[in-house]
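Report on the following structure.
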Amino acid sequence: EDGYELWLRYRPVQSAVDLPQRVVLYDESPTGRAAASELQRGLSAMTGRTVSIDSPVKRGIAMNEDPAEARKKQIVLSRNAQPDPTLGAEGYHIETGAVENHVLVTRISANRDIGLLYGAFAYLRQVQTGQPVRDTTDAPRLKLRLLNHWDNLDGTVERGYAGSSLWDWWRLPDLKSPRYVDYARANASIGINGTVLNNVNARAESLTSPYIVKAAALADTFRPYGIRVYLSVRFSAPIELGGLKTADPLDPAVRAWWKAKADEIYAQIPDFGGFLVKANSEGQPGPQDYHRTHADGANMLAAALGDRGTVMWRAFVYKGEVAEDRHKQAYNEFTPLDGTFAPNVLVQVKNGAIDFQPREPFHPLFGAMPKTPLMMEFQITKEYLGFATHLAYLGQYYEETLSADTFERGQKGRTVAQVISGMAGVANIGTDRNWSGSNFDQANWYAFGRLAWNPHASARDIATEWARMTFTTDARFVRPVVDMMMRSRETVADYMTPLGLHHLMATGHHYGPGPWVDNLSRPDWNPVYYHKADKDGIGFDRTAKGSGALSQYDPLAQAAWANPQSMDERYLLWFHHLSWDYKTRSGRPLWDELVLTYDRGARDAAALQDIWAKMQPYIDAERFEAVSANLRIQAREAKGWRDASIAYFQSKSGRALPAGVAPPDHSLDYYKSLKFPFAPGI
Ligand code: BDP
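Put into structure tokens, the structure is as follows:
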């Protein structure tokens, strides 16, 4: 198995005899048909029997004429005649009961056709994971559940580690690759209902007529699966494409240009989702170039879309000049604008204030913009967690952020999950046969979708579900593998960025260690800016004595991080600068604790190989070997991270290693000298 089938493998199940042999479809829409054919595909593969799709009329005839046919178990897909308010637009209901002739019928019902598709996938999931089919009612908690592709028009993917872009712009719209359908099926199976096709560092060309037609072909393919297409836009497009002198959002000609552009898009893509915008960030143009605010820019685009679509305006901004802690900039720019955004604007906020680090406290904007709908942006691709090689199950990370209490306006229990209106995940998908660059990275795509559907769901349950569908339901595999997944991200944080350290990766690629880097033009691009290690101590002081970023959180949230003595030490050096002698919870000095955490990370990474080795009997050789190779690389590189980091920080602290800890294999100069422009070599 090469992983192409993802979690939709539909291998034979023990309950086969009890499963339906016919699908009865009361909804002839393309989405209804997609639901029926997925049930047919899944049930026939899992039971090894022929499964028919019948329309109700045919079923009536068959039942009258052939008693054997009539006794076949059925699964019925039908839309509610009267809308059920508990289901909303996308929810579903699954119910099994006997009808007159004592045949068990499972009925999937929904208000809209998309609910039937989600219900079909939910039903198949229960069967695949080996559970009895239960009566179920479910509906998504969040309206917008989107992938963000950072795909460039030339086929490369920014921060993508799974091959090239899936979108074959060259051959679109003529060639509609069958892979687009599989992409849509996979996304629909986890409830994703939108996809932003192109990189946030957008080129204006994606808004030209030929590219709109290409995007429309993708939209046509995705539509039956409930997936709307969105585009990232370049704020200066009216200048580049329209020949205007300005992109000032209050200029009538600029506003007219965007309105006409939106109309052109809707003529091709009637259900176009809207725009994602990175503006005034990392050199991208934006409204501040014209002394306008983010709200001016967002509202102008919102007006162009009208009630047809949504603007997602990113809060990942930092100014040209570095006046203060980058942690504070988004909050400072956006909180004064709360309540001034148009109703169809969401502000899209990264999970943390810096940049997708292995661990970040939740972004202070969550809970600080009560009058503005917020979109969570998680990274599914692992830019800072070992790309597609290292194993890090991000479900556990997402859960940690979503369950954090923002104490919005002093109220207890206002978790991040409760203050968001949507979730975006920076996709980890490309042309690799296994889609995500590694088998375990598929779990991150899966977990993202399941948590976007229900941000209160448990990451462990999701991992269990995924492992059962993706590999086997055998508990001898599932238990140890889920335990391993649940610890895996912590292990990466231990060997890369322990105790709340962050941004220690080498320049450009962000893969290997570079805690010594101090030569980049902006201070806040340099690791030394973030760890501030010297002979006396280490850490970024964000208390009132330092940058004051801590004060951006609600006082109740601040309390959890204000006191190094009582706080969760996994965030310690994110908020505090402490002396090497500082006594940690374990009783050990900070220096010893830091070294021991690096050491533990490297050891735990190596131990993953032993756990995995025992899994060989339960799965196919191809995926077993692929994972084994990655774990070998990870163990080696985790050791490299540990050694390079300890060597560097020891050059600052000047202290001896704690008793029993092995010194790094090489000198600090050796680690600094390593360059790997194309492939790593630590
Ligand atoms: C950083 C990436 C960069 C992105 C930027 C963003 O390194 O490639 O363009 O974020 O989110 O994580 O805009």
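The sequence shown begins at 33 in this note's numbering and counts up one residue at a time. For glycine and all other residues, C-beta sits at the position ideal for the given N, C-alpha and C.
Contact between P281 and R324 is confirmed by a C-beta separation of about 5 angstroms, below the 8 angstroms threshold. Taken through DSSP and simplified to helix, strand or coil, I678 comes out as helix. Rounded to the nearest whole angstrom, the C-alpha separation of S553 and T539 is 12 angstroms. The closest heavy atom of the ligand BDP lies less than 7 angstroms from the beta carbon of D387. If you check the C-beta of V232 against the ligand BDP, you find a heavy atom less than 7 angstroms away.
Rounded to the nearest angstrom, the Cβ distance from P690 to L628 is 6 angstroms, consistent with a contact under 8 angstroms. Going by DSSP, W345 is part of the beta strand (DSSP E) stretching over T342 to R346. DSSP places L174 outside any beta strand (DSSP E), giving it a letter other than H or E.
For K382, the enclosing beta strand (DSSP E) begins and ends at V377 to K382.
Annotated as proximal: L605 and G532, with beta-carbon spacing under 8 angstroms. In the assembly as shown, Y702 is an exposed residue. Its beta-carbon has fewer than 16 other beta-carbons within 10 Å.
Taking one beta carbon from each stretch, the stretch 628-648 and the stretch 521-529 have 3 or more pairs nearer than 8 angstroms; the two touch.
Nearest Cα to D206 within the set R602, S47 and V245: V245. The beta-bridge partner set that DSSP reports for M407 consists of Q380 and G454. Judged by DSSP in its simplified three-state form, S705 adopts helix.
In the DSSP assignment, V165 forms no beta bridge with any residue.
Assignment of E190 by DSSP, reduced to helix, strand and coil, places it in the coil class.
DSSP, read as helix, strand or coil, puts R139 in strand. Buried is the label assigned to Q106, since at least 16 other Cβ atoms lie within 10 Å of its Cβ. The ligand BDP approaches R191 closely enough that one of its heavy atoms is under 7 angstroms from the residue's Cβ.
Contact between the stretch 487-502 and the stretch 59-66 is absent, with fewer than three C-beta pairs closer than 8 angstroms.
Three or more Cβ pairs drawn from the stretch 437-448 and the stretch 393-404 lie within less than 8 angstroms of each other, which places the two stretches in contact.
Ranked by Cα distance from K414, the first of F472, S453, M407 and S435 is F472.
Remark: C-beta atoms of D613 and V693 do not approach each other more closely than 8 angstroms.
Minimum Cα-Cα distance from I222 among the listed residues E272, P117 and L179 corresponds to L179. Proximity to V159 across L51, L149 and L622 peaks at L51, based on C-alpha coordinates. For E127, the enclosing beta strand (DSSP E) begins and ends at Y124 to A130. Listed in chain order, the beta strand (DSSP E) elements of length 3 or more contained wholly in the stretch 616-674 amount to none. Residue pairing by DSSP puts P545 in a beta bridge opposite M537.
In summary, R43 is exposed, with fewer than 16 beta-carbon neighbours lying within 10 Å of its beta-carbon over all protein chains present. Taking the Cα of S264 as reference, the smallest distance to any Cα among D186, V343, Y193 and A251 is reached at V343. Within the same chain, E33, G35 and N471 come within 7 angstroms of R655 by CB-CB distance, once the 5 residues on both sides are set aside. In terms of Cβ geometry, P172 and E127 do not form a close pair [threshold 8 angstroms]. Here the distance from the Cβ of E392 to the nearest heavy atom of the ligand BDP is not below 7 angstroms. From the listed residues R687, H422, L406 and N558, the smallest Cα separation to Q641 is found for H422.
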